[in-house]
Amino acid sequence: MRGILSSTKFNRFFSRFLTYLFLIVLSIIIIYPLLITVQSAFNASDLTAFTLDLHMHWTLANFQQLFTQTLYLTWFKNTMIIAVSTMIIQVIIVTLAGYTYSRYRFKGRKNGLIFFLVIQMVPTMAALTAYFVLGLIINGLDQYWFLTMVYVGGGIPMNTWLMKGYFDTIPRDLDESARIDGAGHLRILWQINLPLAMPMIAVQALWAFMGPFGDYLLSAFLLRSPENMTVAVGLQQFIADPTNQRVAMFAAGSFLISIPIVILFFLLQRNFQSGLTAGGTKG
Numbered sequence: 001m002r003g004i005l006s007s008t009k010f011n012r013f014f015s016r017f018l019t020y021l022f023l024i025v026l027s028i029i030i031i032y033p034l035l036i037t038v039q040s041a042f043n044a045s046d047l048t049a050f051t052l053d054l055h056m057h058w059t060l061a062n063f064q065q066l067f068t069q070t071l072y073l074t075w076f077k078n079t080m081i082i083a084v085s086t087m088i089i090q091v092i093i094v095t096l097a098g099y100t101y102s103r104y105r106f107k108g109r110k111n112g113l114i115f116f117l118v119i120q121m122v123p124t125m126a127a128l129t130a131y132f133v134l135g136l137i138i139n140g141l142d143q144y145w146f147l148t149m150v151y152v153g154g155g156i157p158m159n160t161w162l163m164k165g166y167f168d169t170i171p172r173d174l175d176e177s178a179r180i181d182g183a184g185h186l187r188i189l190w191q192i193n194l195p196l197a198m199p200m201i202a203v204q205a206l207w208a209f210m211g212p213f214g215d216y217l218l219s220a221f222l223l224r225s226p227e228n229m230t231v232a233v234g235l236q237q238f239i240a241d242p243t244n245q246r247v248a249m250f251a252a253g254s255f256l257i258s259i260p261i262v263i264l265f266f267l268l269q270r271n272f273q274s275g276l277t278a279g280g281t282k283g
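full-length UniProt numbering puts the first residue of the sequence shown at 1, with every later residue one more than the last.
Take a look at the structure:
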């Protein structure tokens, strides 16, 4: 009996040890690049490469040069407009589409879901030519609205599947009870299902908002004018020339990118919860 208990305690200890070891290694992998970026952003030296220097001199000159000598504020504004527009439009479409596929049965429903999966398998690189030709036809090249529509369209297929799966976890008994009380379709969606689906809606909003800040390929391909570039495309110019790399300014711009994302994360944090529907059908 003692041997069994000792073996159980050892297994628990070993399991916890491996868990904490994994978390520590993962934290180092995530935090180390962040420390280098933050340090490079405030480094007074003229950096030519990303390095971790514990004895550096701190300064705000890199941010001052970023604001006065480049179009960073314009790029940041452009990215914010695209990100907010993408977030609002995509969340509305994906939420309505996911709810429709989850709660209603109609002709073509199964084929529509399969079509979404097939579309999701097409890589972005394969669609660049199609985006370019479409932009030429509708005069959308170098336009915010066209890039926003491309982001929204690219995010609909898989996110609709995710939203549908989340709505499937919400008990249908709640809908039936509301119908007995005389609630219509919109009221059931607005007052019952949407509050319960807020965790997934919050995740969708954060993903949609983050996309334009981190995307380089589509932005560089569809936006041509320097004053219309996004932050990712503009910052890439700082390190594109091997003979004249402005690493400190690149790091400063990258640091500022994280601020709106972090703010949105904390605003949505209270919605990142699971189990909201637990016990929802109990009286």
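We treat Cβ as the ideally placed atom computed from N, Cα and C, and that holds for glycine.
Inset, instruction - Rank 217, 42 and 87 by C-alpha distance to the C-alpha of residue 127 and give the top, closest one. - result: 217
Inset, instruction - Below 8 Å on the Cβ atoms is my guess for residue 310 versus residue 72; work out the distance and round it to an integer in Å. - result: Residue numbering for the chain in the displayed model covers 1 to 283; residue 310 lies beyond these limits and cannot be assessed.
Legend entry - Beta-carbon spacing of residue 240, residue 41 below 8 Å: no
Inset, instruction - Flag this pair as touching only if the stretch 225-241 and the stretch 65-81 have three or more C-beta atom pairs under 8 Å; answer yes or no. - result: yes
Legend entry - Closest residue to residue 226 among 110, 143, 257 and 17 (Cα-Cα distance): 143
Inset, instruction - May I ask you to list the residues that DSSP assigns as paired with residue 43? - result: 58
Inset, instruction - Can you have a look at residue 156 and say buried or exposed, based on whether 16 or more other CB atoms are within 10 angstroms of its CB? - result: buried
Inset, instruction - Could you say which of 244, 220 and 209 lies nearest to residue 267 if we only look at CA atoms? - result: 209
Legend entry - Span separating the alpha-carbon of residue 207 from that of residue 177: 33 Å
Inset, instruction - Could you tell me if residue 139 is buried or exposed, where buried requires 16 or more neighbouring beta carbons within 10 angstroms of its beta carbon? - result: exposed
Legend entry - Neighbour-count burial assignment, residue 125, 16 or more Cβ in a 10 Å radius: exposed
Inset, instruction - Determine the closest residue to residue 221 out of 169, 244 and 131, with distance taken between C-alpha atoms. - result: 131
Legend entry - Whether residue 193 touches residue 99 by CB criterion (8 Å): yes
Inset, instruction - Would you tell me roughly how many angstroms separate the C-alpha atoms of residue 118 and residue 110, rounded to the nearest one? - result: 13 Å
Inset, instruction - Give the secondary structure of residue 225 by DSSP, where H, G and I count as helix, E and B as strand, and everything else as coil. - result: coil
Legend entry - alpha helix (DSSP H) segment containing residue 231, residue limits: 231-240
Legend entry - Chain-order list of residues whose beta-carbon lies under 7 Å from that of residue 67 (same chain, five-residue window excluded): 73
Inset, instruction - Using 10 angstroms around the beta-carbon of residue 107, count the other beta-carbons present and answer buried if the total reaches 16, otherwise exposed. - result: exposed
Legend entry - Which of helix, strand or coil DSSP assigns to residue 283: Confidence in residue 283 is poor, its pLDDT being 37 and thus under 50, which makes the residue's placement unreliable; the coordinate value appears in the next sentence. Coil.
Inset, instruction - Using 10 angstroms around the beta-carbon of residue 135, count the other beta-carbons present and answer buried if the total reaches 16, otherwise exposed. - result: Here residue 135 is buried. Its C-beta has 16 or more other C-beta atoms within 10 Å.
Inset, instruction - Identify the continuous alpha helix (DSSP H) that holds residue 203 and give its terminal residues. - result: 198-214
Legend entry - Own chain, CB closer than 8 Å to residue 27, minus 5 neighbours either side, in chain order: none
Inset, instruction - Could you tell me if residue 200 is buried or exposed, where buried requires 16 or more neighbouring beta carbons within 10 angstroms of its beta carbon? - result: buried
Inset, instruction - Please report the Cβ distance between residue 103 and residue 167, rounded to the nearest whole angstrom; I am assuming they are in contact, meaning their Cβ atoms lie under 8 Å. - result: 7 Å
Inset, instruction - Under 6 Å Cβ to Cβ from residue 188, same chain only, skipping five residues before and after it: list those, please. - result: The residues are 175 and 178.
Inset, instruction - May I ask you to check if the CB of residue 100 is nearer than 7 Å to at least one heavy atom of the ligand GDP? - result: Absence of the ligand GDP is noted for the structure shown, with no ligands found whatsoever.
Legend entry - Residue range of the alpha helix (DSSP H) that includes residue 88: 72-103 is the span of the alpha helix (DSSP H), which, as asked, contains residue 88.
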